[in-house]
Amino acid sequence: MQSNKTSSGRFFEHFTLNEVINHATPRTITAGDVALYIALTGSRNPLHCSEPFAQSVGYQSAPIDDLLTFHIAFGKTVPDISVNAVANLGYADVRFLQPVSVGDTLSTSSQVIGLKQNSNGKNGVVYVRSTSVNQHNQPVLSWVRWVMVHKNDANAPAPETTIPELPAFVAADQLSIPAYLTTGNFDQQATGGQFYWEDYQTGERINHAAGLTINQSDHSLATRLYQNNARLHFDAHLMQSSTFGKRLVYGGIVISACRALSYEGLENAISIAAINAGTHANPSFAGDTIYTFTEVLDRWELPNRNDLGALRLRMVGIKNMNPADLAETKQFNSYHPNVVLDLDYTVLMPRKGNK
Amino acid sequence: MQSNKTSSGRFFEHFTLNEVINHATPRTITAGDVALYIALTGSRNPLHCSEPFAQSVGYQSAPIDDLLTFHIAFGKTVPDISVNAVANLGYADVRFLQPVSVGDTLSTSSQVIGLKQNSNGKNGVVYVRSTSVNQHNQPVLSWVRWVMVHKNDANAPAPETTIPELPAFVAADQLSIPAYLTTGNFDQQATGGQFYWEDYQTGERINHAAGLTINQSDHSLATRLYQNNARLHFDAHLMQSSTFGKRLVYGGIVISACRALSYEGLENAISIAAINAGTHANPSFAGDTIYTFTEVLDRWELPNRNDLGALRLRMVGIKNMNPADLAETKQFNSYHPNVVLDLDYTVLMPRKGNK
Amino acid sequence: MQSNKTSSGRFFEHFTLNEVINHATPRTITAGDVALYIALTGSRNPLHCSEPFAQSVGYQSAPIDDLLTFHIAFGKTVPDISVNAVANLGYADVRFLQPVSVGDTLSTSSQVIGLKQNSNGKNGVVYVRSTSVNQHNQPVLSWVRWVMVHKNDANAPAPETTIPELPAFVAADQLSIPAYLTTGNFDQQATGGQFYWEDYQTGERINHAAGLTINQSDHSLATRLYQNNARLHFDAHLMQSSTFGKRLVYGGIVISACRALSYEGLENAISIAAINAGTHANPSFAGDTIYTFTEVLDRWELPNRNDLGALRLRMVGIKNMNPADLAETKQFNSYHPNVVLDLDYTVLMPRKGNK
Chain Z
-9 MQSNKTSSGR FFEHFTLNEV INHATPRTIT AGDVALYIAL TGSRNPLHCS
41 EPFAQSVGYQ SAPIDDLLTF HIAFGKTVPD ISVNAVANLG YADVRFLQPV
91 SVGDTLSTSS QVIGLKQNSN GKNGVVYVRS TSVNQHNQPV LSWVRWVMVH
141 KNDANAPAPE TTIPELPAFV AADQLSIPAY LTTGNFDQQA TGGQFYWEDY
191 QTGERINHAA GLTINQSDHS LATRLYQNNA RLHFDAHLMQ SSTFGKRLVY
241 GGIVISACRA LSYEGLENAI SIAAINAGTH ANPSFAGDTI YTFTEVLDRW
291 ELPNRNDLGA LRLRMVGIKN MNPADLAETK QFNSYHPNVV LDLDYTVLMP
341 RKGNK
Chain Y
-9 MQSNKTSSGR FFEHFTLNEV INHATPRTIT AGDVALYIAL TGSRNPLHCS
41 EPFAQSVGYQ SAPIDDLLTF HIAFGKTVPD ISVNAVANLG YADVRFLQPV
91 SVGDTLSTSS QVIGLKQNSN GKNGVVYVRS TSVNQHNQPV LSWVRWVMVH
141 KNDANAPAPE TTIPELPAFV AADQLSIPAY LTTGNFDQQA TGGQFYWEDY
191 QTGERINHAA GLTINQSDHS LATRLYQNNA RLHFDAHLMQ SSTFGKRLVY
241 GGIVISACRA LSYEGLENAI SIAAINAGTH ANPSFAGDTI YTFTEVLDRW
291 ELPNRNDLGA LRLRMVGIKN MNPADLAETK QFNSYHPNVV LDLDYTVLMP
341 RKGNK
Chain V
-9 MQSNKTSSGR FFEHFTLNEV INHATPRTIT AGDVALYIAL TGSRNPLHCS
41 EPFAQSVGYQ SAPIDDLLTF HIAFGKTVPD ISVNAVANLG YADVRFLQPV
91 SVGDTLSTSS QVIGLKQNSN GKNGVVYVRS TSVNQHNQPV LSWVRWVMVH
141 KNDANAPAPE TTIPELPAFV AADQLSIPAY LTTGNFDQQA TGGQFYWEDY
191 QTGERINHAA GLTINQSDHS LATRLYQNNA RLHFDAHLMQ SSTFGKRLVY
241 GGIVISACRA LSYEGLENAI SIAAINAGTH ANPSFAGDTI YTFTEVLDRW
291 ELPNRNDLGA LRLRMVGIKN MNPADLAETK QFNSYHPNVV LDLDYTVLMP
341 RKGNK
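Protein chains in written order, with the working numbering: chain Z, -9 to 345; chain Y, -9 to 345; chain V, -9 to 345.
Encoded structure:
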């Protein structure tokens, strides 16, 4: 008997401007998630793995890695937003609004803030602002992404084109900084880093030495942990007949790998306050070795905080090639084939003088 | 100096009718187990990953996935029961008696309830009923399985043949349903499912779209987490000289994969109440992509519960082939070579009308 | 703009006798670490996975596996000590001073206790004593290791040669045994072992039957969990141009595999009190299947404890070869090519007579 119980998911014509979609599977963060995140990335930031260190800078308990929050929240949007996506086109205005700790439960919803059918009539771009709230209904993360989504019915009428205005970056006075965050007891022995906010110069480029090879199970475990069910990461049988002939690595894996690899040189970057923009320039596959370099885009003072500053950074992920060997990330306006990530983000860092 | 400290384990002639075997390694469930189970399966059932959702349906704390309980309990029986098994022949009368949460400790024992030497004189079938109890000595899981076990001494006398009577299924009035389970606040936004008990029809077949490729590390990690030490899953050197030339995937991995893959279409199935019967129709190996379809076998009302019903389901696991392409699971009484699992189980689901 | 933010790490000429190096990233142990350790090794010792069992032998809460403590503490020393190592030459005087449980935070430091430049002038041997303390500043682990480290500047002057005196083994009266450890309720059903201290004979060799194939993700996950950032374990791109052409497995993975594999035959070995000496005889790679045998080197009574004894054991790790097939671990003073580990360590075990 034919069943009506499965759905092929939303196609472009199913999205309506301004509608709000509540995503399934609220998720309580556990100590197991934190340990797995370390095992998957090798992250060494003491804020996320040392309770005494977290307490020394004012937290009641260690917050989880900002990117773990991002991936778990993001994963919940996939079944409703991007299950029929042709491509994830970009991120903007990603704001980390409040720290998340073990025991917190995240619930996520998305609002459609833009629609534009492509001229081929076969697909279109959907813009959503997603928000994840904790069990107290406080927003912890808000972000915009836009994806190209297939039409199921080519004859479905095109919606009115609406393209949201998005900020080029989250301005310094828009960053959410916990009032309790204090740097008076900041212990650089715990981070292993000797450089503070003042030590970074706009234009400075840090070629991080370490590389990380992505194994097949690594990325599968991570993506499943995030309950991100995009088929192209899990289903080798399906992907045999795709352009690439094999599974793709979830782009968030690359972001986390680059962030962990860039620890050396950015040890005192306490947390991520915002992601301003992001592009997955080329796909990654199991077996690729990821490297990264960081470029300092800007250095901002923060309102009412003379102990803490912000650094706007560009983190470029490169596969199978040392960052020192890559002079230009783009050639004729298109990315070098080994560039896999171009992310513009903002971190908080203690100031040497006033902490 | 020759050591007497290792044992080659029990062979067929070492089992005695009615004897009780207490298995080693009591196991306390942790938040780490729960996170790993999500990472290994991609399970999205909010009952197991959201404390607020679990509380909204009456649980004091989120219960772990029923299959995680099963695998951990099952694993403890392997060193004593099936280390010299030729094959796991089947399961029956698997009853989930009480939810298990983080902090509970499971201890498992088995009673031999049947013995039958095969006519070749080289092996025989052992039937055991295994029971796992929590730290309060309350049974949480009880199941029967039968395995074909090698004889070590072909001249050992055959035991009297005893074949236990096993129920074809666990009847509705035998299902254990927590008295505190309540569906009044059941939130279908949390599950993402719109279908309730009344919406399912006997004979209905749901072809679940998602597939999951089993990586080598995935199944190794899972089987070790369950402390199941069956050599054929871990020892590639040993398995080179086996019929298959490589490691086999623990059958429980396939059960969990199918259960997670069948989430879409069964979102409101709160928990598993029983496994009525199960067969691993063909072996699986790393690299296989698992798909599944579900057939609704029956729909039962439950005594004293008009807010909740039971669905008896058949979950068929298929490798490297879309379920929609498989019309018949058997040909001439033997399984299609791509069918890897045929499981008859019972879930609890809220009733639309009375919840 | 050239950045000064990354460092190529310490070379031989950067170590000074007696200097103390405080390592970054204090680490709070979580339930996630414990679950991952089981998933990575298959360990079945109930002391580490059953709260009731741990309490039955006097612990307030289950201690983590001694080797998990070792790997996490060891990992912290890598960025400062061995990032430019040619080879890890050995361990000695490894003392497990106090049990570690979930919630404890480990901080690690090292003192340089010996230096010897090699006659080639290109590298030298650095001896360090490392100590890990918990959040109460109580030492939980202390160990000596020596590594051969590259010189960066071949013209840097050689330091005065100092070679520390190291004990051949940690003597019985030097072992740290928790005063609260009690064996009166020791439950051999929980361990599955029937042999006690008195049952082991000096010279006895136990060939453990089980083997464990190391998958690529397994060892990567473990090494990252320990926050050990030695590049040769993670960076396949880099290692393509190495002697071996591929990534090496962190030696600690092999130690843990052997310890878990040797459970059968040593079930009642409660905990590790010391590692007396250790050598990684040959490298291991993903795909290798690890086997092990144990030789009883000595059997010691313990001062003031007639319920507990110590066994000094030799644990030999072998790859891709059954232990029963290896008569001699060395030929002409060099290790058989399949021998990967030769570890001399001491365990505590209840005495049959007096427990």
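Ideal Cβ placement from N, Cα and C applies to all residues, glycine included.
Contact under 7 angstroms by Cβ, residue i with residue j
i        : j        : result
Ala29/V  : His38/V  : no
Thr269/Z : Gly80/Z  : yes
Ser274/V : Val239/V : yes
Ala161/V : Glu3/V   : no
Gln125/V : Pro89/Z  : no
Glu285/Y : Arg304/Y : yes
Asn266/V : Phe159/V : yes
Arg122/V : Val130/V : Per the sequence shown, residue 122/V should be read as Ser rather than Arg. Yes, Cβ-Cβ distance for Ser122/V and Val130/V is below 7 angstroms.
Ser207/Z : Ser207/Y : yes
Ser166/Y : Leu87/Y  : yes
His227/V : Gly201/Z : yes
Ala75/Y  : Val10/Y  : no
Arg214/Y : Leu57/Y  : no
Asp23/Z  : Ala25/Y  : yes
Thr6/Y   : Ala63/Y  : no
Residues near residue i in its chain [Cβ-Cβ closer than 6 angstroms; skip 5 each side]
i        : result
Val73/V  : Gly(-1)
Ile103/Y : Tyr117, Arg119 and Pro154
Gly65/Z  : Tyr216, Gln217 and Asn218
Gln45/Z  : none
Ala220/Y : Val68
Ala212/Y : Leu30 and Ile243
Pro157/Z : Asp83
Chain-order list of residues whose beta-carbon lies under 7 angstroms from that of residue i (same chain, five-residue window excluded)
i        : result
Tyr186/V : Asn258, Met339, Pro340, Arg341 and Lys342
Asn205/Z : Ala276
Thr173/Z : Val47, Asp297, Leu298, Pro340 and Lys345
Strand pairing of residue i, partner residues [DSSP]
i         : result
Lys309/Z  : Ile280/Z
Ile262/Z  : Val337/Z
His140/Y  : Asn113/Y
Glu291/V  : Gly299/V
Lys106/V  : Val115/V
Asn12/Y   : Ser99/Y
Pro129/Y  : Val123/Y
Thr203/Z  : Thr279/Z
Lys320/V  : Tyr325/V
Thr18/Z   : Thr95/Z
Leu256/V  : Answer by DSSP bridge pairing: none, since Leu256/V is not bridged.
Glu285/V  : Arg195/V and Arg304/V
Ala267/V  : Ala82/V and Asp334/V
Ala77/Z   : Met138/Z
Gln(-8)/Y : Arg195/V
Same chain, Cβ closer than 8 angstroms to residue i, neighbours up to 5 away in sequence not counted
i       : result
Asp94/Z : Thr18, Ile19, Asn124, Gln125 and Val130
> Going along the stretch 6 to 23 of chain Z in order, which residues come within less than 7 angstroms of chain Y, judged by CB to CB distance?
Replying inline: Asn12, Ala14, Thr15, Pro16, Arg17, Thr18, Thr20, Ala21, Gly22 and Asp23
> Between the stretch 213 to 229 of chain V and chain Z, which residues of the former have a C-beta closer than 7 angstroms to a C-beta of the latter?
Replying inline: Arg214, Leu215, Gln217, Asn219, Arg221, Phe224, Asp225, Ala226, His227 and Leu228
> Looking at C-beta atoms only, is the number of pairs between the stretch 59 to 76 of chain Y and the stretch 10 to 17 of chain Y that lie closer than 8 angstroms three or more?
Replying inline: yes
> Mind listing which residues of the stretch 186 to 197 of chain Y have their C-beta closer than 9 angstroms to chain Z's C-betas, in chain order?
Replying inline: Asp189, Tyr190, Gln191, Thr192, Gly193, Glu194, Arg195, Ile196 and Asn197
> Along the stretch 56 to 69 of chain V, what residues have a CB closer than 8 angstroms to any CB found in chain Z?
Replying inline: Pro69
>> I'd like to know if the stretch 242 to 249 of chain Z and the stretch 317 to 325 of chain Z are in contact, where contact means that at least 3 CB-CB pairs between them fall below 8 angstroms.
In response: no
> Do the stretch 190 to 198 of chain Y and the stretch 249 to 257 of chain Y touch if we need at least three Cβ pairs shorter than 8 angstroms?
Replying inline: yes
> So does the stretch 105 to 115 of chain V actually touch the stretch 134 to 143 of chain V, counting three or more Cβ pairs closer than 8 angstroms?
Replying inline: yes
> Looking at chain Y, which residues of the stretch 25 to 40 of chain Z have a Cβ within less than 8 angstroms of any of its Cβ atoms?
Replying inline: Ala25 and Leu26
> Along the stretch 89 to 111 of chain Y, what residues have a CB closer than 7 angstroms to any CB found in chain V?
Replying inline: Thr95
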